[in-house]
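Numbering (my numbering), first residue to last: 276 to 363.
Every residue, glycine too, gets a C-beta built ideally from N, C-alpha and C.
Here it is, written out as structure tokens:
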């Protein structure tokens with residue numbers, strides 16, 4: 276994450292001094308709000324609402340992306356030139 280403020284503006288968070296990172300992480304204004312997981316948002320979905328369908332679709336897309344990454348690591352994808360299935 277690139278910092279957009281303060282003494283280290285424009286630098287990557289991980290490249291700043293450890294003491295600054297610790298201080299920043301303790302600041303309430305810096306903490307990201309805890310978002311509900313997609314699976315938690317789907318809890319109680321009856322299969323009919325548009326919001327529930329959108330959440331379900333987002334979960335499906337995340338799972339597809341994770342599976343594609345796993346295929347790339349295993350050399351069985353169609354997108355990497357060194358894969359046995361490249362170009363299919």
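For residue 356, does the three-state DSSP call read helix, strand or coil? coil
Is the beta carbon of residue 333 less than 7 Å from the beta carbon of residue 317? no
Taking just the CA atoms, how far does residue 335 sit from residue 346? Their backbone Cα atoms lie some 16 Å apart in a straight line.
For the alpha helix (DSSP H) that contains residue 348, what are its first and last residues? 325-349
Just how far apart, CA to CA, sit residue 337 and residue 295? 33 Å
Near residue 343, what residues of its chain come up, given a Cβ to Cβ distance below 7 Å and the 5 sequence neighbours on each side ignored? Correct list, in chain order: 352.
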